[in-house]
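Numbering (our numbering), first residue to last: 366 to 727.
To keep things clear, I will list the structure first and then write my remarks on it.
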């Protein structure tokens, strides 16, 4: 089996020793860092996530720090989301767009102070875009990648595990809010968020040297909770309709095509506003699509067909053990995106019947 050649371009994480000892069997590269993809098996990892609690190395969600007198001015220029009501302890899902309204990333924005923010990235070089805007306009702001590595705790027992390590205050954190909680003489931003529908937290670990002490503390505290190392589950995220930048949406797509229109509400003249508003009535949009019959792994988009004509594509597909069907995310043309539409999908193993669903499975 091929392995990743060692290089400074592909970075280990502060938690790599932990995931390797836990038996990571498959990984991928995300923001030039290792992201675990499978431990026991896809289905066993999925079942454990839904039943117990997992610790995820998601250090690949790199941060873009924005700090200084012009920090808010810069964010208002690059964000189609209105930030006026963002509280001091809040995280915002923020579509990031180019001049034509195309998606560049879909990060989470963390407000640390009125002049200090973290942009927690999906898989793209958005740091370079933010630097380009700030440098091009000569803004009084510092933009850099800090030594901050997210560690996620996900699953139905996550509240109990977090309370054991960070104290009972962890239970009171509201959805997409955070608190600074103490750990071994340090304090970390702890947010109720994460890339699953099972509930949980993301811990923004400041300082790589604290990575393994925290990892080990969580594993020790959760022994009787059946804690395990885990990772984002494609099966579970597609059931819940969680999108993946680079897979389900790219620069050619707008927030409106991705079902993210509710996050486009800034009253300001941000970069890309005219281009985005010109595309505010999408001709295609993300839809849940059920696929019938056995399917292979998906490594490239599968065409969606109606009467032999292409009407979209499926971007992510997986077998759902709980729903006993193939679940998928599709980008479907307006003419065929209504629930109940019967379609066909062209897979590498032949044509498969499909149906547009009214909603995702969770």
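Every residue, glycine too, gets a C-beta built ideally from N, C-alpha and C.
Local conformation of residue i per DSSP, three classes
| i | result |
| --- | --- |
| residue 387 | coil |
| residue 422 | strand |
| residue 686 | coil |
| residue 626 | helix |
| residue 527 | helix |
| residue 443 | helix |
| residue 715 | strand |
| residue 670 | strand |
| residue 608 | coil |
| residue 659 | coil |
| residue 461 | strand |
| residue 533 | helix |
| residue 372 | strand |
| residue 436 | helix |
| residue 452 | coil |
| residue 427 | coil |
| residue 377 | coil |
Whole-angstrom C-beta distance between residue j and residue i, which should lie under 8 Å
| i | j | result |
| --- | --- | --- |
| residue 597 | residue 560 | 5 Å |
| residue 485 | residue 515 | 7 Å |
| residue 693 | residue 554 | Wrong, their Cβ atoms sit about 34 Å apart, outside the cutoff. |
Candidates the options, of which the one nearest residue i by Cα
| i | options | result |
| --- | --- | --- |
| residue 362 | 725, 441, 680 and 381 | There is no way to answer for residue 362, as the model of the chain reaches only from 366 to 727. |
| residue 672 | 706, 660, 577 and 436 | 706 |
| residue 690 | 489, 642 and 659 | 659 |
| residue 395 | 410, 532, 422 and 493 | 422 |
| residue 440 | 393, 454, 496 and 419 | 496 |
| residue 380 | 669, 700, 584 and 685 | 584 |
| residue 562 | 668, 391, 523 and 569 | 523 |
| residue 631 | 622, 623 and 642 | 642 |
| residue 702 | 715, 713 and 724 | 724 |
| residue 709 | 654, 414 and 607 | 654 |
| residue 446 | 626, 651 and 666 | 626 |
| residue 498 | 665, 436 and 590 | 436 |
| residue 378 | 392, 590 and 368 | 392 |
| residue 536 | 644, 566, 472 and 415 | 566 |
| residue 606 | 510, 727, 645 and 580 | 727 |
| residue 644 | 633, 623 and 370 | 623 |
| residue 601 | 410, 384 and 576 | 410 |
| residue 595 | 389, 646, 369 and 547 | 389 |
Cβ neighbours of residue i in the same chain (closer than 7 Å, five flanking residues each side left out)
| i | result |
| --- | --- |
| residue 465 | 637 and 640 |
| residue 470 | 461, 486, 487, 489, 491 and 610 |
| residue 578 | 549 |
| residue 376 | 397 and 398 |
| residue 454 | 542, 543 and 544 |
| residue 463 | 469, 616 and 637 |
Residues near residue i in its chain [Cβ-Cβ closer than 6 Å; skip 5 each side]
| i | result |
| --- | --- |
| residue 663 | 682 |
| residue 425 | 395, 396, 398 and 400 |
| residue 719 | 654, 656, 708 and 710 |
| residue 529 | 586 |
| residue 716 | 709 |
| residue 481 | 432 |
| residue 505 | 433, 434 and 435 |
| residue 633 | 441 |
| residue 403 | 390 and 391 |
First and last residue of the uninterrupted beta strand (DSSP E) at residue i
| i | result |
| --- | --- |
| residue 551 | 551-556 |
| residue 483 | 481-485 |
| residue 514 | 513-519 |
| residue 559 | Note, residue 559: premise wrong, no beta strand (DSSP E); not H, not E. |
| residue 617 | Counting along the chain, residue 617 falls outside any beta strand (DSSP E), and DSSP gives it neither H nor E. |
| residue 509 | 507-509 |
| residue 567 | 565-571 |
First through last residue of the alpha helix (DSSP H) which encompasses residue i
| i | result |
| --- | --- |
| residue 639 | 638-642 |
| residue 577 | 576-586 |
| residue 493 | 491-501 |
| residue 600 | 599-605 |
| residue 407 | 407-416 |
Cutoff 8 Å; reference residue i; Cβ partners in own chain excluding five residues on either side
| i | result |
| --- | --- |
| residue 539 | 557 |
| residue 698 | 648, 649, 676 and 677 |
| residue 572 | 512 and 551 |
| residue 412 | 686 |
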